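Heads up, the thing below is written out as structure tokens.
Now the structure itself:
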């Protein structure tokens, strides 16, 4: 591989990491806001509710994060098209 191709791949991986971190932050923030609005602490009255809180919150975050995948791919793909290969 040439030096230009190595630089392009490095830039592509850096852009992907940046956009994924942004999606991670935004989805985490949205889950926190949703939980705050629902006042999740009111529903933690039993042991079962406390135990099921973590997987339920994880699933909620996963749904939000994974819905961003097409957008992440589109942004990184558009960036890749601007590079000189």
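In full-length UniProt numbering, the protein residues as written are 1 to 85. Glycine included, C-beta positions come from ideal geometry on N, C-alpha and C. For clarity, every value in this text was computed on a predicted model and none was experimentally measured.
Sorting 3, 21 and 8 by C-alpha distance to the C-alpha of residue 77 places 8 at the top. One Cα belongs to residue 71, the other to residue 52, and the distance between them is close to 30 Å. Judged by pairs of C-beta atoms under 8 Å, the segment 22 to 34 touches the segment 56 to 66, as three or more such pairs exist. If the five residues before and after residue 19 are omitted, its C-beta is found closer than 7 Å to the C-beta atoms of 72, 75 and 76, all from its own chain and listed in chain order.
Around the beta carbon of residue 4, fewer than 16 other beta carbons sit within 10 angstroms, so the residue counts as exposed.
Pairing residue 56 with residue 22, the inter-Cα distance amounts to about 22 Å. Each residue's CA atom was taken as its position, placing residue 44 and residue 38 some 12 Å apart. Short of 7 Å from the beta carbon of residue 50, and not among the five residues preceding or following it, lie these beta carbons of its own chain, in chain order: 44.
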